[in-house]
Amino acid sequence: MESDFLTNIFRAVLIFFGLLSPINANDIIMGSQRGEVYLPLLEDKNIAVVANQASSVGDEHLIDYLLKNHIKIAKIFVPEHGFRGKIDAGAKVENSIDEKTSLPLISLYGKHKIPTKEDLANVDVVLFDLQDVGVRFYTYLSTLHNVMKACERENIELIVLDRPNPNGSTVDGEVLDMRYSSFVGLHPVPILYGMTIGEYAKMINGEGWASSKKAKLQVIELLNYTHDTPYELSIKPSPNLPNPLSIKLYPSLALFEGTVFSEGRGTDKQFQLYGDPKYLKKSFSFTPIANIGASNPKNKDKICYGVDLSHLDKDEVSGVNLSYILDAYQNYPDKKNFFLKNNFIDKLAGSSHLRESILAGKSEREIRRGWSKELENFKVKREKYLIYP
């Protein structure tokens, strides 16, 4: 959609010269809100939709909006956390039937991550609308990859309804070494890649990551958006990212998933604190308990000592901050057991570099130096796929 791209560039130029007010979140028109563009593409076709609780058109769920406009939905594909977004991280998502619409819900999380030939046998177009958070190990990217792979295989068009990246244009962290590729990171990108999910889909296609052939991809672009437009999600993208601060801290605190430390699951401050029963500083404590989205959190029912970050100003938090995991390691007496034995930290970080550097006592500056070259190379590659200024 070249005209949309030129409109966004023209608006950015006017803002730069002070001839137009800066864009704010209320100005943004979501891809899902541009029914006049994509509904004609869906008429008289059988549609599969990749969606969850955050797939919306204003205050209306996307599925309800499509049905109201007489679009024939064959099935709904659902990612991690399920269609209503309440299932624990990592927990299996089962196939089921949506109670409201009686539409079949086909899980793309668990053993069945890629749509099969049978799944797509009666489908003409796949419509994708998931709210990403701009972080490599957030698994909706892997779901996007797998759907693109299946669509290319079956010669089915994929339409992505674009959404803003709540982590904006921030590009930071180690670029994934493909030897550590997994469902929590399939592609050679940094932890924070500074792209919308529509732009990321273009990169998957352009780089041939999902298939050597390109999928039939169309991105329904955002209007009135730049990468520097502050944007806060009105609906939780998943159970353990409850607010804007948790989303900003997620790239840093999710690294604790590869350690014995709690990252706040099982509290009401998920990804806004960290701690462990053996942490040496005792000024703050919390106790993880079973709750929605975390039925068996790490250190369940144990008093954890740690650090509360919930007081931070979300607007002053950005990037990957290694000071938290370095502090935890330095103040943990049982250092040989700090990292989980499966070295899951390596998949999250992108290689063994972070783990080995921490064990070697390196500083954050030294660790960052180890990933700086690949990060700069990624920034150049990223430019080719940007839709928005």
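Each residue of the sequence shown is one higher than the one before, starting from 1 at the first, in this note's numbering. Note that beta-carbon positions come from the ideal geometry of N, C-alpha and C, so glycine has one too.
Just curious, the alpha helix (DSSP H) that residue i is in, first and last residue?
i: F344; result: F344 to A349
i: S357; result: H353 to L359
i: N146; result: Y140 to E154
i: N26; result: Run containing N26: none; DSSP gives neither H nor E here.
i: Q330; result: S323 to Q330
i: L161; result: From DSSP, L161 is part of no alpha helix (DSSP H) but of the beta strand (DSSP E) over E157 to L161.
i: I204; result: I197 to E207
Under a Cβ-count criterion, where at least 16 other Cβ atoms within 10 Å of its own Cβ denotes burial, should residue i be classed as buried or exposed?
i: Q330; result: exposed
i: I97; result: exposed
i: M195; result: buried
i: R179; result: exposed
i: K213; result: exposed
i: T116; result: exposed
i: F83; result: buried
i: N165; result: buried
i: P40; result: exposed
i: S169; result: buried
i: L42; result: buried
i: E118; result: exposed
i: S142; result: buried
i: P333; result: exposed
i: F286; result: buried
i: N95; result: exposed
i: F284; result: exposed
i: S363; result: exposed
i: S55; result: buried
i: S102; result: exposed
In this structure, how does DSSP classify residue i when only helix, strand and coil are distinguished?
i: N377; result: helix
i: K72; result: strand
i: N291; result: strand
i: E174; result: coil
i: L67; result: helix
i: P40; result: helix
i: F256; result: helix
i: Q33; result: helix
i: G370; result: helix
i: P104; result: strand
i: R382; result: helix
i: S413; result: Here the chain covers residues 1 to 389 and nothing more, so residue 413 does not appear.
i: S246; result: helix
i: L120; result: coil
i: L62; result: helix
Beta-carbon within less than 6 Å of residue i's beta-carbon, same chain only, minus the 5 sequence neighbours each way: which residues are those?
i: K75; result: A48, P104 and I106
i: R265; result: N240, A294 and P297
i: V57; result: S32, Q33 and Y65
i: S434; result: Nothing about residue 434 can be reported from this structure: the residues present for the chain run from 1 to 389 only.
i: P251; result: V135, I191, L192 and V320
i: Y140; result: P79, L130 and D132
Just to confirm my understanding: we take residue i, look at its own chain, exclude 5 residues before and 5 after, and list those with CB closer than 7 Å. What are they?
i: E257; result: E263, F344 and L348
i: N46; result: K72, A74, N122, V123 and D124
i: V93; result: V78, E80, G82, I87, S107, Y109 and G110
i: P449; result: The requested residue 449 is not part of the displayed model; the chain covers only 1 to 389.
i: D27; result: N224
i: A215; result: M148, C151, E152, L158 and N205
i: D177; result: G350 and S351
i: K278; result: Y332, P333 and D334
i: F339; result: G258, T259, I345 and R355
Considering just the uninterrupted stretch of the beta strand (DSSP E) at residue i, what are its terminal residues?
i: G306; result: C304 to D308
i: G275; result: L273 to D276
i: L127; result: V125 to F128
i: N46; result: N46 to V50
i: Q270; result: It is not in any beta strand (DSSP E) - Q270 carries neither H nor E in the DSSP assignment.
i: V219; result: L217 to I220
Please return the same chain residues whose Cβ sits closer than 8 Å to the Cβ of residue i, not counting the five positions on each side in sequence.
i: P244; result: P166, E232, L233 and K314
i: N146; result: L108, K113, I114, P115 and A210
i: V393; result: There is simply no residue 393 to check, as the chain begins at 1 and stops at 389 in what is shown.
i: S182; result: K347
i: K300; result: G266, P288, I289 and A290
i: V317; result: L245, K248 and L249
Please determine whether the Cβ atom of residue i lies at a distance below 7 Å from any heavy atom of the ligand PLP.
i: Y250; result: The ligand PLP is not among the ligands present in this structure, which contains no ligands whatsoever.
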